[in-house]
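Q:
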Amino acid sequence: DVAFTVKKNIIADAKQRVILERAAETCPVAKSIHPDIEVRIQWHWPEL
692 DVAFTVKKNI IADAKQRVIL ERAAETCPVA KSIHPDIEVR IQWHWPEL
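Taking the numbering used here, the leading residue of the sequence shown gets 692, the next gets one more, and so forth.
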C-alpha cells in the first residue's frame, strides 16, 4: 500500500486533487511495477 498524506498548509481544490491523483497513478514508476503486484493508493487530504 502507498499512502499520501497531504499537509494542512497545502490547499488543493477538487480539480487540483484529481490532477495530482491521476499523475501519481499514471507515472512511469507506477507503471513499471510488475503486473502481479497489487498497488493500492490511499489519499489523505485535509478538509477544505
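A virtual CB, placed ideally from N, CA and C, is assigned to each residue, including glycine.
#1: Whole angstroms is fine: what's the gap from VAL697's alpha carbon to VAL730's?
#2: Grouping DSSP H, G and I as helix and E and B as strand, with all else coil, what is VAL697?
#3: Are ILE732 and VAL693 touching if we call contact CB-CB under 7 Å?
#4: Rounded to the nearest angstrom, how far is the Cβ of ALA715 from that of PHE695, given a contact under 8 Å?
A: On the basis of the data shown:
#1: Approximately 19 Å between the Cα atoms of the pair.
#2: Coil at VAL697, not helix or strand.
#3: Taking 7 Å as the Cβ cut-off, ILE732 and VAL693 qualify as a contacting pair.
#4: Sure, about 7 Å apart at Cβ, within 8 Å.
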